[in-house]
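Chains as they are written, first to last, in the working numbering: chain Y, 1 to 372; chain A, 373 to 789. Cβ coordinates follow ideal geometry from the N, Cα and C atoms, glycine included. Beneath this line is the structure, given in structure tokens, with notes to follow.
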Amino acid sequence: MKFSIERAALLDAVSQAQAVVERRNTIPILANVLMEAGEDGVSFKATDLDIEVIDKTTAQVERPGGTTVSAVLFHEIVRKLPDGALVQVSEDQAAGRLEVTAGRSHFSLATLAKEDFPVMASSDYDANFSCNAGVLRRLFDKTRFAISTEETRYYLNGVYMHVAEAEGGRMFRAVATDGHRLARVDAELPGGAEEMPGVIVPRKTVDQVRKLLSDDDAEIAVSVSETKIRFATPQITLTSKVIDGTFPDYARVIPTGNTRELKVDAKDFAKAVDRVATVSSERSRAVKLTLDEDRLTLAVNAPDSGNAEEEIAVAYGDDKLEIGFNAKYLQEIAAQVDLEMATFLFNNAGDPALMREGDDQSAIYVVMPMRV
Amino acid sequence: MPALCRQCLTTFETGARCPACRSPRVVAHPELFDLTIAHMDCDAFYASVEKRDRPELADKPVIIGGGRRGVVSTCCYVARIRGVRSAMPMFQALKLCPDAVVLKGRMDLYVEISRQIRAMMEELTPAIEPLSLDEAFLDLTGTARLHGAPPAVMLARLTRRMRDEIGITGSIGLSHNKFLAKIASDLDKPRGFSVIGAAETETFLDPKPVGIIWGVGLVGQEALKAAGINTIADLKRWDHADLVRRFGTMGDRLWHLARGQDRRAVSARRPVKSISKETTFREDTADRDVLDGHLWRLSEQVSARAKAKDLAGRVVTLKLKRADFRTITRRHALSDPTQLADRIYREARQLFDATGDTGPARLIGVGLSDLVPGDEADRGGDLLDPEAGKRMEAERATDAIRARFGPDAIRKGRSLR
């Protein structure tokens with residue numbers, strides 16, 4: 001194998017692949033990236049056995065072939081090469097080395113045989129459809145903060161993507177929850193997605209896919225089966241196993257009878273929560289909200305260090321209410337509001353509260369109160 | 373040299389016997405009336421309590437421990453002469469001492485007596501640091517004017533009162549810091565009174581094995597031995613920097629302790645780091661229902677301790693000792709701290725199920741750590757487990773019933789398995 005490629009294009013292709021590689025590996029070949037040069041370009045492939053990324057890029061191929069080298073090492077080398085450098089990569093099969101040359105720099109890297117590189121079993125997908133990158137980005141960005149890290153409830157360690165029956169018809173829906181808060185975000189159902197089975201997309205996959213979604217206008221080819229999900233752009237294909245579990249029936253968690261409505265500027269609210277929470281050193285900082293006649297008072301009382309209070313003007317016309325929340329949860333859901341006022345709906349101090357952006361029903365958040 | 377009669381508390385200048393009462397129970401030391409940090413250690417506490425209440429046991433070897441399968445938790449001095457030691461497996465103890473009277477122990481009574489001793493100590497100083505039911509550090513600095521007598525006299529009076537009013541004897545170690553006071557109390561047991569003064573500290577320590585240092589166990593001794601350190605004198609030959617490089621923060625401690633330097637204060641409130649309960653079975657068992665019953669009972673006990681101390685924990689630990697003595701521990705961090713038996717049990721049960729262990733076990737334990745104040749406990753609910761709120765209220769109601777009608781007034785069915 002021998003090819004030459006511009007440094008920026010190479011870095012781009014290798015970055016995506018090396019991000020999937022686990023830093024601690026017991027199986028040496030999983031630390032490697034598989035590069036294969038064909039007629040018109042080179043592909044870079046990396047896997048952690050749950051996720052597989054293939055990144056294709058054009059290159060001047062002199063001699064087709066393939067081998068594997070340490071993904072982290074290769075990525076570091078390419079990153080440190082000067083911008084605009086032309087990188088020459090060639091395999092010395094006899095020595096079992098990969099030679100990398102750019103200008104006056106030369107590297108000779110240990111390789112492992114490409115035949116040993118694990119192949120993810122291919123599967124038949126139940127649904128293949130195309131989805132706008134911006135739409136997917138919104139679905140993931142607004143839900144990922146609520147993904148649970150608790151391993152005992154492994155089925156919450158991802159975003160539940162499925163087709164849901166909503167008031168406006170069938171929707172493409174993402175849900176995540178850790179039992180303390182829940183995020184539910186809807187998007188228009190892309191054509192061809194109707195038969196898609198509901199799948200739980202693991203956190204790491206969400207983080208990796210997110211990198212493919214920076215371009216608003218890009219169309220992402222999505223394929224879904226009971227066990228796998230695949231996202232593809234013309235250059236990059238990311239295939240991931242989904243979490244083998246049943247996502248809980250989240251519908252019964254979403255309050256329907258909350259009538260006490262509060263409207264508040266989300267940014268002011270988040271900043272005020274952050275300010276008052278400063279006095280508490282607890283990891284689960286509790287903020288007490290007192291609502292009374294267009295006035296919201298936020299208070300934190302930390303016996304050891306002090307207390308703080310802040311008042312914000314809000315729109316609230318119901319009976320006086322005192323309710324406590326984890327400060328971090330409030331900030332995180334307030335951060336999901338981009339354009340309008342945040343609308344909170346409460347029932348009473350012991351019941352979950354609901355939040356949405358203005359009157360937009362397509363993204364709702366539920367948060368459990370705390371005793372204060 | 374200043375001297376004190378432990379019998380009649382007369383103070384005098386040197387002499388083998390008390391000039392007042394002719395008792396030979398005299399302690400003399402140049403710094404006797406200047407030292408203020410003490411360690412009080414009851415002599416074979418549990419066994420002494422049993423002997424006090426059952427005089428017929430006075431001359432018999434008495435072992436307190438958990439049944440045939442357990443270990444010795446305390447043994448009297450008669451048993452100690454025969455080689456029995458605390459923490460020794462019971463079968464081994466009985467081999468050494470077949471005629472021993474083995475008693476199960478009456479924890480409630482020991483706690484009660486410990487409280488009486490504690491009250492006596494509190495008359496001496498507020499700076500008391502209990503290490504367990506039967507031992508404590510006391511800092512008597514600055515109390516001489518209040519009591520009209522130096523600490524040594526007050527301590528001798530304390531052990532005399534313990535003997536006369538409670539019927540329990542204890543040994544006193546008096547020195548200028550906790551490390552040395554603890555060593556001293558062990559020098560002259562039972563009914564001892566030992567003094568380690570500042571002047572002789574280093575000559576006293578130098579020839580001692582490193583194992584004398586509190587916190588250096590068998591593993592620590594092995595590590596030190598590997599570095600060629602057997603005695604305190606060996607330890608002193610090391611540079612501070614080298615010790616720290618090799619042993620980390622422990623190296624720093626060792627450097628200071630080897631020189632008899634210990635700046636730790638006697639603090640009345642030593643933070644509790646974890647709460648745990650475990651039980652060794654009379655017979656090894658693989659019966660899931662039985663084990664589950666134990667898990668619940670232990671979780672309840674841990675929870676009761678946490679509630680009593682107004683603490684909550686974020687980490688639940690499961691300990692399992694298999695029939696082949698291999699021990700496994702598993703831990704899990706909760707999203708928010710708890711003090712509820714229900715949550716502790718559910719976590720412990722999940723950890724237990726996750727071990728996949730089906731073989732017989734000889735011990736099972738449940739622990740709670742990463743502790744925070746109790747008012748931070750169980751403040752958040754679980755969206756996905758709406759029943760959790762009800763179970764929590766049920767537990768609070770159960771607690772209220774027990775507070776009023778006693779611990780056995782209400783129990784869960786599964787605790788009866």
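Item: Nearest-angstrom Cα distance between His106/Y and Val78/Y?; Value: 11 Å
Item: Taking DSSP as the reference, what is the three-state secondary structure of Glu22/Y?; Value: coil
Item: Using a C-beta cutoff of 8 Å, does Ala251/Y count as contacting chain A?; Value: no
Item: Which class does Ala766/A belong to by DSSP, given the choice of helix, strand or coil?; Value: helix
Item: When you compare the CB of Asn326/Y with every CB in chain A, is at least one pair closer than 8 Å?; Value: yes
Item: Around the Cβ of Gly257/Y, are there at least 16 other Cβ atoms within 10 angstroms (buried) or fewer (exposed)?; Value: exposed
Item: Taking 8 Å as the CB-CB cut-off, is Gln722/A touching chain Y?; Value: yes
Item: Hey, does Gly179/Y have any beta-carbon neighbour from chain A nearer than 8 Å?; Value: yes
Item: Take the Cβ of Val159/Y as the centre, count every other Cβ of all protein chains shown within 10 Å, and call the residue buried at 16 or more, exposed below.; Value: buried
Item: Check the Cβ-Cβ distances between Arg356/Y and every residue of chain A, and say whether any is below 8 Å.; Value: no
Item: For the candidate residues Ala599/A, Pro579/A, Lys679/A, whose alpha-carbon lies nearest to that of Ala794/A?; Value: With chain A represented from 373 up to 789, any question about residue 794/A goes unanswered, as that position is not in the structure.
Item: Please go through the same chain and pick out, in chain order, the residues whose beta-carbon is closer than 8 Å to the beta-carbon of Ser787/A, but skip the five residues on each side of it.; Value: Gly665, Trp668, Arg669, Glu672
Item: Do we get a CB-CB distance below 8 Å when we pair Asp754/A with the residues of chain Y?; Value: yes
Item: To the nearest angstrom, report how far apart Leu81/Y and Val72/Y are at their CA atoms.; Value: 15 Å
Item: What are the start and end residues of the beta strand (DSSP E) that includes Gln331/Y?; Value: Counting along the chain, Gln331/Y falls outside any beta strand (DSSP E), though it belongs to the alpha helix (DSSP H) covering 327–334.
Item: Give the C-beta separation of Leu98/Y and Thr67/Y to the nearest angstrom, bearing in mind that I take them to be a contact with Cβ-Cβ under 8 Å.; Value: 6 Å
Item: Do you know offhand how far Thr603/A's Cα is from Ser486/A's?; Value: 35 Å
Item: Who are the neighbours of Glu150/Y on chain B, taking C-beta pairs under 8 Å?; Value: Among the protein chains in the structure shown, which are Y and A, there is no chain B.
Item: With distances taken between CB atoms, is the gap from Ile544/A to Met412/A smaller than 8 Å?; Value: yes
Item: Kindly indicate which three-state DSSP category Ala277/Y falls into: helix, strand or coil?; Value: helix
Item: Chain Y beta carbons: is any one of them nearer than 8 Å to that of Arg702/A?; Value: no
Item: DSSP three-state label for Ile489/A, please.; Value: helix
Item: Counting only the same chain and skipping the five closest in sequence on each side, list residues whose C-beta sits under 8 Å from that of Arg751/A.; Value: Asp708
Item: Mind checking which residues open and close the beta strand (DSSP E) that includes Ile27/Y?; Value: No beta strand (DSSP E) holds Ile27/Y; DSSP gives it neither H nor E.
Item: Taking the alpha-carbon positions, what's the Asp124/Y to Arg7/Y distance?; Value: 36 Å
Item: On the three-state DSSP scale, how would you describe Met370/Y?; Value: strand
Item: List in chain order: all unbroken alpha helix (DSSP H) runs of 4+ residues lying wholly within the segment 405–467 of chain A.; Value: 417–425, 449–453
Item: With DSSP as the reference, please indicate the residues paired to Gln88/Y in a beta bridge.; Value: Ser4/Y, Thr101/Y
Item: Buried or exposed: where does Phe231/Y fall if 16 or more other Cβ atoms within 10 Å of its Cβ makes it buried?; Value: buried
Item: Go to Glu719/A, then tell me how far its alpha helix (DSSP H) extends in each direction, as first and last residue.; Value: 713–727
Item: For Gln93/Y, which of helix, strand or coil comes out of DSSP?; Value: coil
Item: Can you determine whether any heavy atom of the ligand GTP sits closer than 7 Å to the C-beta of Asp318/Y, and answer yes or no?; Value: The ligand GTP is not part of the structure shown, which contains no ligands of any sort.
Item: Hey, does Leu298/Y have any beta-carbon neighbour from chain A nearer than 8 Å?; Value: no
Item: Determine the extent of the beta strand (DSSP E) in which Gln235/Y is found, giving its start and end residues.; Value: Note, Gln235/Y: premise wrong, no beta strand (DSSP E); not H, not E.
Item: When DSSP labels each residue in this structure, what does Thr152/Y get in the three-state scheme?; Value: helix
Item: Closest by CA to Pro374/A, which one among Ala595/A, Ala705/A, Ser639/A, Pro402/A?; Value: Pro402/A
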